[in-house]
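Asks:
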Amino acid sequence: MDCIPRTTDVARARTPAQYESPLPCSGAAKSAGKGEPHVNRHLKPNLTTVVFLACLPAITPVAAQQRSESPGTTADRVLSVRSLVGADAPQWSPDGGRLTFMSSLGGGSGLWSVSAEGGFPTPLVADLGGVPFLTAQSPRWSPTGEWIAYVSNKGGPAAPSDQPGPTDIWLWSAQNAQEVQLTRLGARVGSFSWSPDGKWIAFSGGAGGNYDIWKVSVPSGEVSRLTSDDRYEVTPTWAPDGTKIVYSRLDDRWVDHEIMEMGADGRGQRLIIQETDFFDYNTAGTPAFGPPVISPDGRLLLFRSWRSGWVNYWMVPVAGGEPRALTPESADQDRALWSPDGRFIAYSSNHDGTHDLRVVPAGGGAPRVLVAPKLGVVSNFAWSPDGKRLTYLLTTPTRAADLYVVSLQDGTSKQLTFSAPGGNVEASLVIPEKITYRSDSLTIHAYLYRPPASRPGERLPAIVFAHGGPTSQYNDTYDAQMQFFVRQGYVVLAPNFRGGSGYGRAFADLNNKCWAHCDLKDLVAGAQYLRTLPYVSATAIGITGTSHGGLLSMAAATFAPGVFQASIPHGGTADRIYYYNTQELRHIKQAENEFGPLKGNEEVYRYVSPFYFAREVNTPMFVVWGEGKWPGSENSKRYVAELERNYKVLRSKVYSGENYYVSSRGNARQLLLDMLDFFDQYLKTSVAGPAAATTFGRQ
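Add 11 to a position in the sequence shown, counting from 1, and you land on the number used in this note's numbering.
#1: Which residue wins for smallest C-alpha separation from Val-634, given the options Arg-617, Arg-662, Leu-90 and Arg-264?
#2: Can you give the Cα-Cα distance for Leu-401 and Asn-604, rounded to whole angstroms?
#3: In this structure, does DSSP put Ala-505 in helix, strand or coil?
#4: What is the residue span of the alpha helix (DSSP H) that Gln-492 lies within?
#5: For the beta strand (DSSP E) holding Thr-569, just list the boundary residues, first then last.
#6: So for Asn-361, helix, strand or coil by DSSP?
#7: Suppose only complete runs of 3+ residues qualify. What are the beta strand (DSSP E) ranges in the region 267-352, listed by chain order?
#8: With a floor of 3 residues, list each beta strand (DSSP E) that falls wholly inside the region 418-496, ordered by position along the chain.
#9: To the nearest angstrom, report how far apart Leu-139 and Pro-177 are at their CA atoms.
#10: So for Ser-202, helix, strand or coil by DSSP?
#11: Could you say which of Thr-133, Gly-209 and Val-200 lies nearest to Trp-158 if we only look at CA atoms?
#12: With which residues is Ile-224 paired in a DSSP beta bridge?
#13: Can you tell me which of Gly-253, Gln-189, Gly-296 and Glu-269 puts its alpha carbon nearest to the alpha carbon of Ser-215?
#14: Give me the Cα-Cα distance between Leu-453 and Glu-244, rounded to the nearest whole angstrom.
#15: Would you give the residue range spanned by the beta strand (DSSP E) that Tyr-258 belongs to?
#16: What do you reckon, are the CB atoms on Ser-578 and Ser-564 nearer than 7 Å?
#17: If we ignore side chains and look at the alpha-carbon of each, how far apart do Trp-183 and Met-113 end up?
#18: Return the chain-ordered list of same chain residues with a C-beta closer than 7 Å to the C-beta of Tyr-589, the five sequence neighbours on each side being excluded.
#19: Would you kindly report the start and end of the unbroken beta strand (DSSP E) that includes Arg-379?
#20: Report yes or no: do three or more beta-carbon pairs, one from the region 89-109 and one from the region 398-416, lie closer than 8 Å?
#21: Any idea which residues DSSP pairs Lys-664 with across the strands?
#22: Out of Asp-586, Glu-627 and Thr-294, which one is the CA nearest neighbour of Glu-614?
#23: Leu-534 to Ala-549, Cα distance in whole Å?
#24: Leaving out five residues on either side along the sequence, give the residues of the same chain with a beta carbon under 7 Å from the beta carbon of Gly-331.
#25: Considering Val-245, what are the terminal residues of the beta strand (DSSP E) in which it resides?
#26: On the DSSP bridge assignment, give the partners of Leu-182 in chain order.
#27: Measuring CA to CA, which of Gly-279, Ser-667, Ala-551 and Ala-567 is closest to Tyr-501?
#28: May I have the straight-line CA-CA distance separating Val-92 from Ser-430, to the nearest angstrom?
#29: Drop a sphere of 10 angstroms on the beta-carbon of Gly-44, count the other beta-carbons inside from all chains shown, and report buried for 16 or more, exposed for fewer.
#30: Quick check on His-581: does DSSP put it in helix, strand or coil?
#31: How about Thr-482 and Ser-439: do their beta carbons lie closer than 7 Å?
#32: In three-state DSSP terms, what is Val-142?
#33: Restricting to Cα atoms, I'd like to know which of Ser-228, Thr-365, Arg-354 and Asn-391 is closest to Ala-378.
#34: Kindly list the residues whose CB is nearer than 8 Å to the CB of Gln-601, restricted to its own chain and excluding five residues on each side of it in sequence; keep chain order.
#35: Using three-state DSSP, classify Pro-621 as helix, strand or coil.
#36: Taking DSSP as the reference, what is the three-state secondary structure of Glu-233?
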């Protein structure tokens, strides 16, 4: 049995930048409504180690806080930290000599290439076009090396910005660098897979009213529909011999999955295995259940499952039989990939937000941790064609994702891209401490950021961040908003509250039918934890979050009186009944999975909706959202009208040219400054607020 000799720790490596990000700082600017802050030039941050908090001195009023730089400069700094590598997994060229990846290096969404030995990237496709929200473009080499296929919306008539528009499969020719539109369905294309001989692409497409499996010949573009079930059929994967296609079929709730096999002509459909109770929020885009992962000899198949209480990989014979756990552990696993020779399987393992890269012998045995960041997330890895190396992305709380390659033989890693902006920005960023606190009988894990320039005697304002989902998780990744506020003198706490992922199925289910109440308990406990810290002002704690975090920020101002002194909901869903009746299908499926169908469960939907309790709000609130692009919502707009009707202390702002969430560079910068102006007004004053409530909510 082969082994992987040693572990590589790359999270804290400091390699000089070989090239700079195309996103330079745009200079200092003043926060709206605020003068230039006083600058303290004598306090220097200590960022080489995690901050330890046990023996800190008692402190002075927060009014004495001095910022180390202007808000505009800070905003430019934190927003300049952006990855040169796109969200889709980089791909090896079939000869193993180069890696291709999506990037904004050229200013848009393009496709670039870099030598597997390192060097400066070169452009392949200047503009890949776009895709709808939560849909992947997935550039993939053909097995023969003739083409790169990808999904794009650039071929059809321009859709209005508030509509998703159709997508199709495009080809880039390695021979002459020309682009060809391969499909013209006028619908939406999901995931796809090349046939082993490179003559076909199987894909999931929504041209039939729901998602079915199709195939298209290359390069003629002849399209055939292979399935026509009323249920969603997605993630087609070719068998290694090219005679079969394996795919997933979902029930109407998007909860139960059947992994199916059929001939390449669509005939002889056969069930391999059924996986129950795995709700998949993004079935039509990039499903969490993932594609079937077939061994190179075609005999075995890997799939993700909750059946152990954690999302682990299980293995089953393609011919049928009982599944077995690949390598069971109390941690979530992701992206399992067979080595080209079938001897090993690589996968990632999530331990309290740190994601490492592991390799396990396919025949069984103990896994080896190949890349083990002390603080970081390894993702989007892929085997080299010869099986001797893997490429992967690594991000940390102070670094954007970069591309690395690691040797299977000796475990050494080499960095291939360098996203760090000029000006040594990383040295000005804060490494968070991982902490835990109690909420009811639960242990809640969280990230704690402390301002580096705080002085003895200061009591600082604090902000609790709530993540989205709610089945999401804060991981060891970079967060521009948190870095911005900690540099502006705020203590930041980012809890992984109940209902989120990464801590097992039982923890995730604790929030069922209890959104905005049970999860809110953990945020309230987080605020109480902050009040135990000698450097935090007990009467100056705010809350913010996006999407579900926006809902929780609304709930905190409604159901937790006195706990928070200011709230900024971003893209929140105040009214789940309105949301159910107006949003796209994935949100309806999510609501039905969490609360049941709206009919017969109206009281539950009202219970989790702060909109219906607006008169109880006693916390100043700044409601923000975007509009102009798909997907959008009127939820925040309606909520603001309800708050105004009840004479609540309120600001609101809509940012144009966005979907419901603000993400573009210019608007993101202004949002930071607007949020700071609001939090400064309500959290950096000398007026003492009421004592925080110890109980909250409606029973």
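The C-beta atom is built at its ideal place from N, Cα and C for all residues, glycine as well.
Replies: Reading from the atomic positions:
#1: Arg-662
#2: 37 Å
#3: strand
#4: 491-498
#5: It is not in any beta strand (DSSP E) - Thr-569 instead sits in the alpha helix (DSSP H) that spans 559-570.
#6: strand
#7: 268-274, 281-286, 311-316, 323-328 and 343-349
#8: 424-426, 444-450, 453-460 and 471-477
#9: 15 Å
#10: strand
#11: Gly-209
#12: Ser-215
#13: Gly-296
#14: 39 Å
#15: 255-261
#16: yes
#17: 14 Å
#18: Asn-646 and Arg-649
#19: 379-382
#20: yes
#21: Val-635
#22: Asp-586
#23: 15 Å
#24: Ile-283
#25: 244-249
#26: Ala-160 and Val-191
#27: Ala-551
#28: 7 Å
#29: Bear in mind that the predicted position of Gly-44 carries a pLDDT of just 35, short of 50, making it unreliable; the figure below should be weighed with that in mind. It is exposed - the Cβ of Gly-44 has fewer than 16 other Cβ atoms within 10 Å.
#30: strand
#31: no
#32: coil
#33: One point to set straight first is that residue 378 is Pro, not Ala, in the sequence displayed. The residue with the shortest Cα to Cα distance from Pro-378 is Arg-354.
#34: Phe-290 and Tyr-292
#35: helix
#36: coil
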